[in-house]
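Structure, as structure tokens:
Residue numbers (the numbering used here), protein chains in the order written: chain D, 1251 to 1366; chain A, 3 to 114.
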């Protein structure tokens, strides 16, 4: 069964360092997302991406964050200068985009980021 | 309560019993979705119900939506120990961009 894969599963970094989290969405999906979940808190929307551009972003997704789809398969989230409060589980998700508006998101297993 | 608030926060039942979980929200929605998360794992989509639907079934799952009360319920019938997980409702206000707002989740424990 097709699945969303994320790497790394866990990354530890020093505050101020750049981090790139990678995702391979399901191959024929058109919409891509990043969500995050701080330990013990709600899953929060960060950004949605369609047709090679950001379609919507939350207030969390400030200038320190960027997303890219550098080739036909990868979808990356970059945090330019990490802060302690960026420590969280980051989930990538994709959606087929077919059918009615609003659909099932397929989530990856997540990348746990720990900022020291 | 905030958008997508579930209750109870935790539920412990015996295998074979039914589990009912509720979700309330504040603003209008295009659809509401339920997800499951095993500890330390990713989110798994369970079921989606649109604002013009009242009830939906999928296997042992039954979800209802009452837009007048801005609430939804998820019923898992004949629960199994493997159903032990956290369950989240998520609201989608427009159906575009799938900018989901998740609740805090319900921790379900099913005792064998």
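C-beta: ideal position from N, C-alpha, C; glycine also.
- Bounds of the beta strand (DSSP E) holding residue 1263/D are 1260-1263.
- Scanning its chain for C-beta atoms nearer than 7 Å, with the 5 sequence neighbours on each side dropped, one finds around residue 55/A the residues 67, in chain order.
- In the structure shown, residue 77/A adopts extended strand secondary structure according to DSSP, grouped into three states.
- Nearest Cα to residue 31/A within the set 48/A, 18/A, 11/A, 102/A: 102/A.
- The residues 1329, 1330, 1331, in chain order, have a CB closer than 7 Å to that of residue 1314/D in the same chain once the five nearest residues on each side in sequence are set aside.
- For a cut-off of 8 Å, the C-beta gap from residue 36/A to residue 76/A is around 5 Å, short enough to register as a contact.
- Nearest CB-CB separation between residue 45/A and chain D: below the 8 Å threshold.
- Between the region 40-52 of chain A and the region 9-23 of chain A, the count of C-beta pairs closer than 8 Å stays below three; the two stretches do not touch.
- Looking only at 1301/D, 1340/D, 1353/D, the smallest Cα-Cα distance to residue 1365/D is reached by 1340/D.
- Around the C-beta of residue 1336/D, 16 or more other C-beta atoms lie within 10 Å, and the residue is accordingly described as buried.
- Among the residues facing chain A, residue 1274/D is not included, as its CB has no counterpart in that chain under 8 Å away.
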